[in-house]
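Colleague: Counting the sequence shown from 1 gives a position; this note's numbering is that position plus 47.
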Amino acid sequence: MTRKQIHVMTIGLLLANVMSGLDATIINTALPAIIADLHGISCMGLIVSVFLLGMSVFTLLWSKFGERMGNKKAFELAVVLFIAGSALEGLSPDILFFVCARMLMGIGAGGLGAIPYIIFGNVYENLHTRSIILGFVSAVYGAASITGPLVGGLIVDSFSWHWIFYINVPIGLLIIVIIHFSYKEKIESVDKKVDWLGSFLLVSGLTCILMGIQVIGNESETLVIGLIVSGIILCFCLVQAEKKASDPVMPLHIFKDRLLVLDFALFAVIWGASIAFNTYIPLWAQGLLGMSALMGGLTQIPASVFDFAGSQLSASIRERWSFAGAVNLGILSLAVAEFGLLVAKSSASFVFLCIVAAFGGFSVGLIFNVLQIKVQYDSSKQDMAVATSFSFLIRILGQTLMASIYGVLMNVALNRGVERSGGKITLEMMNKLSDAKSSKNLPQELLPQMRAIMHSGIQIIMMVALMLLVLAFYLNIKCKKAEKKPS
């Protein structure tokens, strides 16, 4: 490739990172309007979890696709799935259609997250140059995450929530054109067989467990138990299949390293706690304070700014306080944010939400960088790539599982509140409460009672998230005892 082709290709991949970064925060801003329009407050947890499930499960598979069809074609396919899912979300006539489209978009997002790092590794052989480019990747994603809430709020308030998904289509098509004409690669043949059985068992097993948890309280106990038990059986079969696979999608030998297992557990637990805060703070601003989507999006900006700050300070904090000390600081910061929402009244000010969001963002930026480095340091040289990929999978699965559980907790709180109202409040009315525009049409004398119901649901969710952080603190103590001295 010529220098010009490399530069153009890099711009294309960075543009894909912008698209992913925008979606990561723009959806939280638009979510209250979406569930109000599609009457989907009972599916709020599912909307978040299906995207994360598609992204996490298929992240491991995209690297396998790249080995066989080439990273160029695999990346283009991922972009196509991403923008197709995005367009279908905008066209959704009901919440079920929206959830299915969101799953498709998540599958594409898995490729957008995994393949660019492989391409950069192949094209930029010089480690110093590659580190500079990856710095650009982080900066661009952070900038997109910061502007996402503003863009989302403006679009929802000025047009409709549908347009936050339509804008991905022209951007995605431009990315495909740029990569198609600039990126040149040599595809090497791979002798190992594709682990189709392991891939099927992984996807189906995790999906059954996730769906079983999500429908608790809404479907029969027989269906719930059937889904969860089926998922456990499929996961057991996955373990047996991976023992025989020549190129397993889920390598089992890394679980023999106790320190690595503790690292993975920390990732899963902390990310499971963080998704509660990131998902429900915009709902607090719009549903409890009656603010616009733009103002709800503004609550995400302090989190994004301090996320970047935490990631930049992570190296110096880790060197001064060790891995365990840095992680403890991050756990404490997230605990401050979630405890703040737990004890705050439903009328808590917008400024208060921004302050606790800053604590939450700093935590995520700090812990992600420290734990990612720790995973690579604790793994052997030959297992570093596998351990890094699996750490991505496990933290997203932690978010996926807990997003489903939080959705169930919110549904239970809403249904209990509706029953206690004696017929004055309905679930449809609670759907409309989440959006400032539709809430104006609700009986104003019932708004305090409705907001109290939603507030109780958020409090229960924050309480569970804090319990996870207590578990994370305990796991970190175990890591400290087994921690190797960093060089």
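Virtual Cβ for every residue (Gly too), placed ideally from N, Cα, C.
Since the model is a prediction, treat every value here as computed from it, not as a measurement.
Determine the direct distance from the alpha carbon of ASN325 to that of PHE353, and round the result to whole angstroms.
Modeller: Near 13 Å, if we compare the C-alpha coordinates of ASN325 and PHE353.
Colleague: Grab the span of the alpha helix (DSSP H) containing PHE144 for me, first residue to last.
Modeller: Residues 142-170.
Colleague: For PRO533 and PHE311, I'd like the C-alpha separation in whole angstroms.
Modeller: Here the model assigns PRO533 a pLDDT of 47, short of 50, so the residue's position is not dependable and the matter cannot be decided.
Colleague: Using only CA atoms, which one of SER110, ILE154, ILE507, LEU440 lies nearest to ILE130?
Modeller: It is ILE154.
Colleague: Compute the Euclidean distance between the alpha carbons of PRO329 and GLN347, then round it to the nearest angstrom.
Modeller: Distance between the alpha carbons of PRO329 and GLN347 is about 8 Å.
Colleague: How would you call SER363, buried or exposed, if buried means at least 16 neighbouring beta carbons within 10 angstroms?
Modeller: With fewer than 16 Cβ atoms within 10 Å of its Cβ, SER363 is classed as exposed.
Colleague: Quick one: complete alpha helix (DSSP H) runs, 4+ long, within the stretch 442-496?
Modeller: Within the stretch 442-496, the complete alpha helix (DSSP H) runs of at least 4 residues are 474-480, 483-486.
Colleague: How many Å lie between LEU474 and VAL465 at the Cα?
Modeller: So the alpha carbons of these two residues sit roughly 7 Å apart.
Colleague: Given a threshold of 16 other Cβ atoms within 10 Å of its Cβ, counted over all protein chains shown, does TYR453 qualify as buried or as exposed?
Modeller: Its Cβ being crowded by 16 or more others within 10 Å, TYR453 is buried.
Colleague: Between which residues of its own chain and GLY199 is the CB-CB distance below 6 Å, once the five residues before and five after are set aside?
Modeller: Excluding positions up to five away in sequence, the list reads ILE73, THR76, ALA77, ILE211, GLY344.
Colleague: DSSP state of SER534, grouped into three classes?
Modeller: The pLDDT assigned to SER534 is 45, lower than 50, so where the model puts this residue is not dependable; a value taken from the coordinates is nonetheless given after this. Coil.
Colleague: Would you say VAL184 and ASN64 are within 9 Å of each other, going by their C-beta atoms?
Modeller: Yes, the Cβ-Cβ distance between VAL184 and ASN64 is below 9 Å.
Colleague: Taking the alpha-carbon positions, what's the LEU253 to CYS282 distance?
Modeller: Taking the straight line from one Cα to the other gives about 7 Å.
Colleague: Do ILE317 and LEU515 have their C-beta atoms within less than 9 Å of each other?
Modeller: Contact flag set, yes.
Colleague: If we ignore side chains and look at the alpha-carbon of each, how far apart do GLY372 and ALA512 end up?
Modeller: Whole-angstrom Cα-Cα distance: 21 Å.
Colleague: Let me confirm a value: GLU172 is counted as buried when at least 16 other C-beta atoms fall within 10 Å, else exposed. Which label applies?
Modeller: Looking at its Cβ environment, which holds fewer than 16 other Cβ atoms inside 10 Å, GLU172 is exposed.
Colleague: My understanding is that SER246 touches LEU108, with C-beta atoms under 8 Å, so please give their C-beta distance in whole angstroms.
Modeller: Going by Cβ atoms, the distance from SER246 to LEU108 rounds to 6 Å, so yes, they are a contact pair.
Colleague: According to DSSP, simplified to helix, strand and coil, what is GLY357?
Modeller: It is helical.
Colleague: Within the chosen definition, does the stretch 97-105 reach the stretch 369-388 through at least 3 CB pairs nearer than 8 Å?
Modeller: These segments do not touch.
Colleague: Rounded to a whole number of angstroms, what is the C-alpha to C-alpha distance between ALA83 and PRO217?
Modeller: For ALA83 and PRO217, the distance between alpha carbons rounds to 27 Å.
Colleague: Measure the alpha-carbon distance for TRP208 versus ALA382 and round it to whole angstroms.
Modeller: About 32 Å.
Colleague: Rounded to whole angstroms, what is the Cα-Cα separation between LEU389 and LEU494?
Modeller: Using only the alpha carbons, I get a separation of about 21 Å.
Colleague: In whole angstroms, give me the CA-to-CA distance for ARG498 and ALA460.
Modeller: If I take the Cα positions, the gap works out to 12 Å.
Colleague: Confirm, please, whether the CB-CB distance from PHE386 to MET501 is below 9 Å.
Modeller: Not closer than 9 Å, so no.
Colleague: Need the endpoints of the alpha helix (DSSP H) that LEU330 sits in, please.
Modeller: Here the alpha helix (DSSP H) through LEU330 covers 305-330.
Colleague: What is the DSSP secondary structure of ILE73, reduced to helix, strand or coil?
Modeller: ILE73 falls in the helix class under three-state DSSP.
Colleague: How would you call LEU299, buried or exposed, if buried means at least 16 neighbouring beta carbons within 10 angstroms?
Modeller: When all chains shown are included, LEU299 counts as exposed.
Colleague: Between the Cα of GLY537 and those of LEU61, VAL517, LEU257, TYR230, spot the shortest distance and give me the residue it belongs to.
Modeller: Residue 537 is absent from the model: the chain starts at 48 and stops at 534.
Colleague: I'd like the span of the alpha helix (DSSP H) that includes HIS86, first residue to last.
Modeller: Neither: HIS86 is in no alpha helix (DSSP H) and is coded neither H nor E.
Colleague: From GLN333, ILE378, ALA384, LEU128, pick the residue whose C-alpha is nearest to that of PRO349; which is it?
Modeller: If we check each option's Cα against that of PRO349, ALA384 comes out closest.
Colleague: What number of angstroms, rounded off, separates the C-alpha of PHE399 from the C-alpha of GLN333?
Modeller: Rounded to the nearest angstrom, the two C-alpha atoms are 14 Å apart.
Colleague: Is MET48 buried or exposed, if buried means 16 or more other CB atoms sit within 10 Å of its CB?
Modeller: So MET48 counts as exposed.
Colleague: In the DSSP assignment, the alpha helix (DSSP H) including PRO217 goes from what residue to what residue?
Modeller: Per DSSP, PRO217 belongs to the alpha helix (DSSP H) from 215-229.
Colleague: LEU61 and VAL187 - do their beta-carbons sit closer together than 9 Å?
Modeller: Against a cut-off of 9 Å, the Cβ pair of LEU61 and VAL187 comes out as a contact.
Colleague: What does the Cβ neighbour count give for ARG305, buried or exposed, with the cut at 16 atoms within 10 Å?
Modeller: Exposed, because fewer than 16 other Cβ atoms sit within 10 Å of the Cβ of ARG305.
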